[in-house]
Amino acid sequence: MKYIVSTNDDVYFNLALEEYIFNNLKDNSYFMLWKNHDSIVLGKHQNVFEEINIKAIEKDNIKVARRITGGGTVFHDRGNLNYSFITAYDKNKFIDYDQFITPVIEALNTIGVKAEKRRTSDIAIEGKKISGSAQTVKGNRALHHGTLLYDADLYMLNHLLKTTDGKIESKSVKSVPSIVTNIKDHLGDKSMTIDQFQDLLLATMFSKGIEKFEITDQHIEAVNELVENKYSKWEWNYGNSPDFSYEKKSLAFSKPIDVKLTVKKGIIHSCAIKGKDFPCNDMEESLSGTIYSYNLVKDKLLKCNSLKNIKNINYDELANCFF
Amino acid sequence: MKKTITMPKLSANMETGVLVSINKQVGDSVKKGDVLFEVETEKVVSEVESDEEGILVKFFFKEGDSVKVDEVIAEIEV
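Protein sequences appear in the order of chains A and B.
Residue 2 is where the first sequence starts when you use our numbering, and the numbers rise one by one after that.
Residue 19 is where the second sequence starts when you use our numbering, and the numbers rise one by one after that.
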């Protein structure tokens with residue numbers, strides 16, 4: 002096994018690097034450590050609109066990235082350390098989380114963190130989650146990766162993963178929310194930075210030594226190509242969401258308004274609005290075909306001529322009725 | 019001759035898997051190693067490849083369906 006520590010904190014780059022190694026470097030096993038700048042990372046078959054606080058993510062310009070493994074949505078920032086195992090996989094054996102999670106738990110225990118396995122694929126301290134993991138298998142290769150909340154902004158995590166209070170129906174894979182905690186809060190020595198924690202984890206997990214994998218310019222070029230053609234694309238991150246229907250009953254300027262939408266590949270396919278004090282037909286027509294984005298929906302409402310006759314209209318309040 | 023493709027048992031505790039993606043349609047020709055569909059269970063995505071060469075003649079489920087282990091998902095005319 003060889004190790005890679007990514008020096009890039011771009012979520013698209015790191016996910017592309019991981020996939021590149023998974024698909025192309027089959028001669029060896031790899032252990033990769035990586036951190037991302039503030040971002041949301043969702044499971045391969047999730048409905049992004051069902052998992053995130055769309056308005057907050059657009060307002061704060063948070064990158065949203067779809068990964069190639071299963072499972073639920075997580076928040077990453079520079080206080081969260083990710084690890085990946087990219088190894089051979091025997092099709093005739095069952096999928097196993099323990100072979101990857103156990104060495105991480107043992108290393109955490111050695112460092113002085115009372116971490117233990119929880120459910121199939123999580124690591125927790127006193128019942129609070131510090132790590133979730135997921136996998137993908139293809140042919141004779143497996144990719145297992147997980148998060149390690151070290152010193153992450155848990156306010157942002159909860160804020161950005163707060164979902165709509167409207168009703169969404171889809172056949173997507175759903176996230177399972179957990180109470181989380183940061184590893185740092187459970188360490189005797191709280192002066193350790195995440196970079197020091199990363200080095201310590203690597204040294205503890207591979208106490209007999211591990212060779213470093215040198216990423217070449219050629220690798221970087223191929224990874225950047227994958228970023229450009231896949232990971233940075235709206236079509237991959239948002240458009241790949243399973244179709245869904247959305248329903249919300251709200252009040253806008255103290256008047257009731259009921260919204261029903263169907264969204265296909267991230268685009269509003271049909272829109273039915275009920276509210277006797279609103280020019281519903283005009284709004285319906287204007288929103289059909291629009292990308293299901295808070296900013297774009299609000300823009301469309303701003304351009305709706307018949308809404309301009311409503312006194313003291315608050316477009317944010319009205320746009321909220323659609324999310 | 020018809021060959022059936024069933025829901026694989028991917029982990030010791032697996033009873034059902036979700037058919038998260040269908041990559042071949044009825045009528046498509048299929049080669050060995052082609053990804054037929056993707057299954058998700060316990061946060062694992064598995065791309066199920068064909069061991070046969072032929073034409074996909076039947077597909078019994080839709081994307082998003084939960085399928086029991088060993089249940090027939092598709093038929094290939096080889």
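Even for Gly, the Cβ is constructed at its ideal location relative to N, Cα and C.
query, result
"Cβ neighbour criterion (16 or more within 10 Å) applied to N15 of chain A", "buried"
"Euclidean distance between Cα positions of H77 of chain A and I211 of chain A", "27 Å"
"Three-way DSSP call (helix, strand, coil) for C305 of chain A in this model", "coil"
"Which of helix, strand or coil DSSP assigns to T88 of chain A", "strand"
"I53 of chain A (DSSP reduced to helix, strand or coil)", "coil"
"Option nearest V181 of chain A by Cα separation, candidates A:I195, A:V174 and A:D152", "A:D152"
"Interface flag, S29 of chain B vs chain A, CB-CB below 8 Å", "yes"
"Other residues of its chain near V177 of chain A: CB distance less than 8 Å, five sequence neighbours each side excluded", "G73"
"Listed by chain order, chain B residues near Q136 of chain A by CB distance under 8 Å", "K61, V62 and V63"
"Pair within 8 Å by beta-carbon distance, L82 of chain A and L149 of chain A", "yes"
"Whole-angstrom distance between M33 of chain A and F86 of chain A, CA atom to CA atom", "7 Å"
"Residues within the stretch 78 to 109 of chain A neighbouring chain B, beta-carbon criterion of under 7 Å", "F95 and I96"
"Residue from B:V96, B:K49 and B:E58 whose Cα sits closest to the Cα of E81 of chain B", "B:E58"
"Of the listed residues A:T111, A:R68, A:K56 and A:S246, nearest to E20 of chain A (C-alpha basis)", "A:R68"
"Residue-level contact to chain B via CB, V228 of chain A, 8 Å cutoff", "no"
"Three-state secondary structure assigned by DSSP to P104 of chain A", "helix"
"Cutoff 8 Å: G147 of chain A Cβ touching any chain B Cβ", "no"
"Validate contact between the stretch 41 to 50 of chain A and the stretch 207 to 223 of chain A using beta carbons, cut 8 Å, 3 pairs", "no"
"Where E19 of chain A sits in the DSSP three-state scheme", "helix"
"Reduced DSSP secondary structure (H/G/I, E/B, other) of S179 of chain A", "coil"
"For S294 of chain A, the three-state DSSP class (helix, strand or coil)", "coil"
"Buried or exposed (CB count within 10 angstroms, at least 16 for buried), K115 of chain A", "exposed"
"CB contact below 8 Å: I112 of chain A versus chain B", "no"
"Between the CA atoms of I91 of chain B and T22 of chain B - distance to the nearest angstrom", "7 Å"
"Contacts of S122 of chain A in chain B (Cβ-Cβ under 8 Å)", "E60 and K61"
"H220 of chain A, DSSP secondary structure in three states", "helix"
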